[in-house]
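Read through the structure below, which is laid out as C-alpha cells, and then see the notes.
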Amino acid sequence: MNTQTTRYTATLPTASMDLLKQLAKQRKYPSLNYAINEAIHLYLRDLGSTQYGEAMASAAQDERFLERSATCMEDFRFVDAEGLDKW
C-alpha cells in the first residue's frame, strides 16, 4: 500500500464498521484502521479491474482497434516464435 497518508473523516454504515471492528478484534487484521484501509484498497483494485474489462469490451467492438491489434499480432508473430525451440 501507499505509505503516504491523509487524515479524513467519513461516515460509514454501522453494520460495516461493526464487521470491521469484529475482524480486527479477532486479529484478522492488525487494527481497525488497517481493516478500513484494506477494504478501500481491495474495492479500488476491483473497481479498476472492472473498468479495464469494460474498456476492453468496448474496444472489442471498435473496428480500428481490432485492425491495429491484428496488425501488431502479425508484426510480432515471428519475434514471438524466436527461441521457442530452446524452451
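Residue numbers (this note's numbering): 120 to 206. We treat Cβ as the ideally placed atom computed from N, Cα and C, and that holds for glycine.
Reducing DSSP to helix, strand and coil, say where residue i ends up.
{"i": "Q180", "result": "coil"}
{"i": "F195", "result": "coil"}
{"i": "T122", "result": "coil"}
{"i": "L163", "result": "helix"}
{"i": "K147", "result": "coil"}
{"i": "T130", "result": "coil"}
Quick one: using the 10 Å Cβ neighbour count with 16 as the cut-off for buried, is residue i buried or exposed?
{"i": "A154", "result": "buried"}
{"i": "L139", "result": "buried"}
Judging by CA-CA distance, which residue of the options is the nearest neighbour of residue i?
{"i": "R126", "options": "L163, N156 and P149", "result": "N156"}
Thinking residue i and residue j are a contact (beta carbons under 8 Å), I'd like their distance in whole angstroms, please.
{"i": "A143", "j": "L151", "result": "4 Å"}
Quick one: Cα of residue i to Cα of residue j, how far?
{"i": "A179", "j": "G172", "result": "11 Å"}
{"i": "R63", "j": "D181", "result": "Nothing can be reported for residue 63, as the shown portion of the chain is limited to 120 through 206."}
{"i": "D165", "j": "I159", "result": "10 Å"}
{"i": "P149", "j": "S177", "result": "41 Å"}
{"i": "R146", "j": "T124", "result": "23 Å"}
{"i": "F195", "j": "L185", "result": "15 Å"}
{"i": "G167", "j": "M175", "result": "12 Å"}
{"i": "M192", "j": "M136", "result": "49 Å"}
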